[in-house]
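K.L.:
In this note's numbering, the protein residues as written are 21 to 354. All C-beta atoms in this analysis are idealised placements derived from N, C-alpha and C, irrespective of residue type, glycine included. Have a look at this one.
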Ligand code: PEP
Ligand code: MN
C-alpha cells in the first residue's frame, strides 16, 4: 500500500482477497503496509483485481516457494525478543547449556556457569529425539521443571526442544523458546501446532534439507501467526565424514539475503567434537550469524548425550573471550 493508506483502504484489499478465497497476512512494521495474499490458486488470479483498489501501490507475485519468510514480504530484519535480549539485533546472542537435562545439580550448576561467561539464554533438552529408541530419551516434564528452577535461580531464560505436537502446550507453558529439531523440520503437524502460539521458535535446519525447503517450513510457523521465528543452521549431511555434519557457513549470507528472519548457528551438532567448536563458532560470527547455540556440560565425560561435542565451562569461557574481538570486527557486540 502507498504510505499513509487508510485503514479502510487496507480493509478493502483484505476483504477482496478473502472474497476470492485467499488468506491474508499483514506486515505493518513500517510506514508502508504490505498485504500478503496467500492461497494455492494465486497464479490464476490477475494482479489487476488488486491494482485497481485505492492506495494500492504495487502488486508483486512472490515467485519463490516460500512467501512470509521472504524479504519480498518483509524487507526489514525481524528481531525476536526473549528475556530482555533481542535476537537479530546488533548483539550476538549466545545460547548455551547441556544437550540434555540430566539432574538438578547438573542443570543448576551449568546455568550459573554459562551465565557467568556471558550467555544470554540457556539450553537443555527435556524431550530428546534420539536416533536409537534404547538411548536416553530425556526427563520430559521433570526436565522442564528443572529448567524452570535453573531459570529462577540464575535469571536466564531457556530454550528447549519439543518433539511431539501434543506436547507443544506443555512446553510452551514453561519454556521461553521452543526448539524444533533437525529431524522435525518438516514435521508439519508439529510446525502448525507450534505456530499457533506466540513463543519464539528456533527452527533448526533439517540435515538433508535445502535452504528453500527450510524457509518454506518456516512459512508453516509464520502462516499460523507466530512471527517470532529464528533459523538455526546446524550442519547438513554430505560425503564428508571427518565431522558429524558439514556446517553450511554460506547458508548465513544466503539466508540474510533471502529472508528477514534472524539466523543463529549451532556449531556443536555440526562439529560432533568439542575441539572443532571454537573455530566454527568464530567463522559463524564472522559470516554474520545473529547468535550461537552451543552445548556446554559441567562434566562432558559423564554426559548422557553428546558429551564428545560438549565444551567444558572453562573452554566455553575461553571461547566467549575469543569471540568478542571477532564480533567487534564485524560491527557487533556479544
Ligand atoms: C539439540 O539441539 O539437542 C539437537 C538434537 O539438535 P539437532 O536437532 O540439530 O540434531
Ligand atoms: Mn545435542
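Report the rounded CA-to-CA distance for residue 188 versus residue 72, giving the unit in angstroms.
P.N.:
Locating residue 188 in the chain shown gives position 168, counting from the first residue. Locating residue 72 in the chain shown gives position 52, counting from the first residue. Answer to the nearest angstrom: the Cα atoms are 43 Å apart.
K.L.:
Going by beta-carbon coordinates alone, are residue 198 and residue 183 separated by less than 8 Å?
P.N.:
Within the chain shown, the letter at position 178 stands for residue 198. Within the chain shown, the letter at position 163 stands for residue 183. Cβ atoms of residue 198 and residue 183: not closer than 8 Å.
K.L.:
Between the alpha carbons of residue 7 and residue 302, how many angstroms are there, rounded?
P.N.:
The structure shown does not extend to residue 7, since the chain is modelled only from 21 through 354, so no value can be given for it.
K.L.:
Do residue 53 and residue 30 have their CB atoms nearer than 8 Å?
P.N.:
Within the chain shown, the letter at position 33 stands for residue 53. Within the chain shown, the letter at position 10 stands for residue 30. Yes, Cβ-Cβ distance for residue 53 and residue 30 is below 8 Å.
K.L.:
Express the C-alpha separation of residue 332 and residue 319 in angstroms, rounding to a whole number.
P.N.:
In the chain shown, counting from the first residue as 1, residue 319 sits at position 299. In the chain shown, counting from the first residue as 1, residue 332 sits at position 312. Their Cα atoms are separated by approximately 7 Å.
K.L.:
Smallest Cα separation from residue 255: which of 286, 273, 261, 236?
P.N.:
As a first step, residue 255 is located in the chain shown; it is residue number 235 there, counting from the start. For residue 255, the nearest C-alpha among the options comes from 286.
K.L.:
Please report how far the alpha carbon of residue 226 lies from the alpha carbon of residue 313, in whole angstroms.
P.N.:
Your numbering for residue 226 matches position 206 in the chain shown. Your numbering for residue 313 matches position 293 in the chain shown. So the two alpha carbons sit approximately 16 Å from each other.
K.L.:
Taking any heavy atom of the ligand MN as the mark, which residues have a C-beta closer than 5 Å to it, listed down the chain?
P.N.:
Every residue passing the under-5 Å Cβ criterion appears here: 119, 326.
K.L.:
Using 8 Å as the threshold, is the C-beta distance between residue 190 and residue 139 below it?
P.N.:
As a working mapping, residue 190 is identified with position 170 in the chain shown. As a working mapping, residue 139 is identified with position 119 in the chain shown. Contact: no.
K.L.:
Should residue 286 be counted as a contact of the ligand PEP given a C-beta to heavy atom distance under 7 Å?
P.N.:
The sequence position of residue 286 within the chain shown is 266, counting from 1. Flag set: Cβ of residue 286 near the ligand PEP.
K.L.:
Should residue 155 be counted as a contact of the ligand FMN given a C-beta to heavy atom distance under 7 Å?
P.N.:
This structure does not include the ligand FMN; its bound ligands are the ligand PEP and the ligand MN.
K.L.:
So, using beta-carbon positions, are residue 328 and residue 292 closer together than 8 Å?
P.N.:
Your numbering for residue 328 matches position 308 in the chain shown. Your numbering for residue 292 matches position 272 in the chain shown. Yes, the pair counts as a contact, with Cβ atoms nearer than the cut-off.
K.L.:
Could you check how far apart the C-beta atoms of residue 223 and residue 98 are, in whole angstroms? I think they sit under 8 Å.
P.N.:
Position 203 of the chain shown, counted from the start, is the residue given in the question as residue 223. Position 78 of the chain shown, counted from the start, is the residue given in the question as residue 98. Actually they do not touch by this definition, with Cβ atoms about 13 Å apart.
K.L.:
Give me the residue from 57, 85, 89 with the minimum Cα distance to residue 78.
P.N.:
Reading the chain shown from its first residue, position 58 is the one you call residue 78. Per the Cα distances, 57.
K.L.:
From the DSSP output, which residues share a beta bridge with residue 143?
P.N.:
Walking along the chain shown from the start, residue 143 turns up at place 123. Answer is 179.
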